[in-house]
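Residue numbers -22 to -1, 1 to 287, in mature numbering (1 follows the signal peptide of the UniProt record, and there is no 0), belong to the letters of the sequence shown in order. Scroll down for the structure; my scribbles are underneath it.
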Amino acid sequence: MQLKKHLTALALLCALPVSVMAKDLSIGVSMDHFDDNFQTILRQAMASKMKQLGDVQGQFEDAKGDSAQQLQQVESFIGQGVDAIIVTPTDTQAMKPIIALAQRSNVPLVFVNRRPETPLSDRMAYVGSEPRLAGKIQMEALAKKMGDKGNVMILMGNLSGEDTRERTKGVEEVIAQHPGMKVLDKQSALYFRKEANDVTTNWLLTGQDINAIVANNDEMAIGAILALKQAGAKNVQVAGIDGTPDALQFIKSGEMSLTVFQDAKGQGDGAVQSAVALVKGEKVAKDTFIPYQLITRENYSEFAQNKVR
């Protein structure tokens, strides 16, 4: 009788779907800033991909731009026994402790959107885009609109980030190829709209002849546009990077000349897929680069449909 009960129970267990029998994978995700528009889209993309996979649970934490807090979040993830960790670095120069922690704990680690400025070891990967290329695409398109001449201001992101430095270098390399163009000034606005508004307002008060403002991201570009409107300044071209929904509205109205689409969904999907593959012991490329695309008033509607589902 006991044997019959045992066999019946075993048969029922075998009949259960694999998804019920298998333990869901858990992924801890530490983001630089929840209130950053691009990172919000990136976070939604990762959450959507986890839901789509069905057997992946995500825990998202906001580091609020604090490297120490981000390290504590990673320590907490490891203490909770997560299967993998995804990080959008607060500071690309401060990731060595996180990398060392993941190595000691043998937990797969994926960096998304911003690549740390230190070599990645086994069971680690980066998914994002090449920041210098974004700056080049942005400035080459803007230079054509400007007739290859004019004075340029550059709004930079957080100076501790490699993406800020590389995007700015890309812009400067293109300007250096045009003798009729000149960078009058460049300042950090930390990737935020308000700070960019303040920096642009101060530039306008100096009375300099500004023909274009090139921003490392859309939020700063929008901040610059709002400052220009407030001051009544006209004929200043503004360019951003990211291709956020807010930026598309400014492209549509003609107030933003162009932006460079950074594929948050592609990066988010790739980060989750890489993390899952590393947990399963599969081979994953150390670097996965998601391509950029130029957005102008002529093609912005194509990107308006690109929403996270």
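Just so you know, even glycine gets a beta-carbon here, dropped at the ideal spot from N, CA and C.
- In the structure shown, ASN195 adopts coil according to DSSP, grouped into three states.
- With at least 16 other beta carbons inside 10 angstroms of its own, THR237 counts as buried.
- With respect to ARG171, GLY201 sits close: the two C-beta atoms are nearer than 8 Å.
- For LEU87, the enclosing beta strand (DSSP E) has its first and last residue at 87 to 90.
- Listed in chain order, the alpha helix (DSSP H) runs fully inside the stretch 211 to 246 are 223 to 231, counting runs of at least 4 residues.
- Between the beta-carbon of GLU140 and that of ARG92 there is about 7 Å, and that keeps the pair under the 8 Å contact cut.
- The residue from VAL149, SER26, ILE219, SER138 with its alpha-carbon nearest to that of GLN240 is ILE219.
- Taking 8 Å as the cut-off, the Cβ atoms of GLN71 and SER138 count as close.
- Straight-line spacing of the CA atoms in ASN195 and ASP33 works out to 34 Å.
- Excluding five sequence positions before and after PHE89, the CB atoms of its chain that fall closer than 7 Å to its own CB belong to VAL65, PRO67, TYR104, given in chain order.
- The residue from SER235, VAL250, GLU197, ASN213 with its alpha-carbon nearest to that of ASP224 is GLU197.
- A direct Cα-Cα distance of roughly 13 Å separates GLU276 from LYS123.
- With fewer than 16 other CB atoms across the displayed protein chains lying within 10 angstroms of its CB, PRO269 is exposed.
- No Cβ-Cβ contact shorter than 8 Å links THR178 with ASN15.
- Taking the Cα of PRO157 as reference, the smallest distance to any Cα among LEU183, ALA121, LYS164, ALA167 is reached at ALA121.
- Residue range 102 to 106 is occupied by the beta strand (DSSP E) that includes ALA103.
- For the 8 Å CB-CB criterion, VAL85 and GLN116 do not form a contact.
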